[in-house]
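S.K.: Attaching a single structure in structure tokens format; questions to follow.
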Amino acid sequence: MFMNAGGWMGSMCLLHASLTEYLLFFGTAVDTTGHSGRYWANISDTLLTGKMFQWKEGTLKNIEYQPGDTVFHEWGEVTGVSWPAGTWMVEYGRGFIPSTLVFALADTFFSTTDFVNTFYIIRVYAKALMMEAGFYLSDFRQFIKDML
Ligand SMILES: *[C@@H]1O[C@H](CO)[C@@H](O)[C@H](O)[C@H]1NC(C)=O
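Per mature numbering (1 follows the signal peptide of the UniProt record, and there is no 0): the sequence shown = residues -20 to -1, 1 to 128.
Next comes the structure, spelled out in structure tokens:
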């Protein structure tokens, strides 16, 4: 599904999400540039194809990353980001994930006003959380069974 945030536009496919972690495929089919967002989470991107340019706050040059590289975005940090068309990566986030959702939805909600997409993103995250809850419940049920 599409994702608009920080002025850039990408597309993502969520593989796993909980309150403290997520794993997804992310990338873009058009050249796109914007703001990374500032999160209560560490995010790492491992490039599969294309390139990523990361411009760290307070510096005058960007850093270029190639397929195979992992780009680390630390908790509290902000950068400028740029991806040429055809860039795809695996992204892993670890921290307080609901805090990243506010940024992830901001441009969709206030700029593109694509509320259908807002709904898709909230629905897929809610579904992931339900699956997590289901996993813990079945674990707990097994634990009770083992005790009896
Ligand atoms: C985020 O990364 C920093 C620096 O590598 C580390 O000290 C911290 O424990 C990490 N936080 C989480 C939630 O993984």
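Where is the CB? At the ideal position from N, CA and C, for every residue including glycine.
Sort out for me which residues DSSP pairs Leu3 with in a bridge.
M.R.: Answer by DSSP bridge pairing, in chain order: His(-5) and Tyr72.
S.K.: Measure the Cβ-Cβ separation of Gly66 and Gly30 and say whether it is below 7 Å.
M.R.: Result yes, Cβ atoms of Gly66 and Gly30 sit closer than 7 Å.
S.K.: Would DSSP call Met(-18) helix, strand or coil?
M.R.: Residue state, collapsed to three classes: strand.
S.K.: Please write down, chain order preserved, every residue whose beta carbon lies under 6 Å from a heavy atom of ligand 3.
M.R.: In the structure shown, ligand 3 is absent; the only ligands present are ligand 1.
S.K.: Quick check on this structure: which residue in Thr12, Gly75 and Asn42 has the alpha carbon closest to the alpha carbon of Trp55?
M.R.: Residue Gly75 is the option with its Cα nearest to Trp55.
S.K.: Is the number of C-beta pairs between the segment 24 to 42 and the segment 57 to 73 that are closer than 8 Å three or more?
M.R.: With a cut-off of 8 Å, the segment 57 to 73 and the segment 24 to 42 count as touching, because enough Cβ pairs lie within range.
S.K.: Let me check one thing: in DSSP terms, what residues is Met(-12) bridge-paired to?
M.R.: BP columns for Met(-12) point to Asn(-17).
S.K.: Cutting at 6 Å between CB atoms, please list the residues of its own chain near Thr12, excluding the five before and the five after it.
M.R.: Closer than 6 Å at Cβ, skipping near neighbours: Trp(-13), Met(-12) and Trp63.
S.K.: Which same chain residues end up closer than 7 Å to Gly48 when comparing Cβ atoms and leaving out the 5 residues on each side of it in sequence?
M.R.: If we look at Gly48 and ignore the five residues flanking it on each side, its Cβ neighbours are Leu27.
S.K.: Please state whether DSSP places Asp87 in a helix, a strand or coil.
M.R.: Residue state, collapsed to three classes: helix.
S.K.: Taking all protein chains shown into account, decide if Ile124 is buried (16 or more other Cβ within 10 angstroms of its Cβ) or exposed.
M.R.: Classification for Ile124: exposed.
S.K.: Within this structure, are the beta carbons of Thr88 and Thr80 separated by less than 7 Å?
M.R.: No, these two residues do not count as a Cβ contact at 7 Å.
S.K.: Let me know the secondary structure DSSP gives Ala113 once reduced to three states.
M.R.: In the structure shown, Ala113 sits in a helix (DSSP, three-state: H, G or I).
S.K.: Buried or exposed: which applies to Gly(-15), given that a residue is buried once 16 or more other Cβ atoms fall within 10 Å of its Cβ?
M.R.: Buried, by the Cβ-count rule.
S.K.: Ala108 and Ala9 look like a contact to me (Cβ under 8 Å); what is the Cβ gap, rounded to whole Å?
M.R.: Not quite, the Cβ-Cβ distance comes to about 24 Å (not below 8 Å), so this is no contact.
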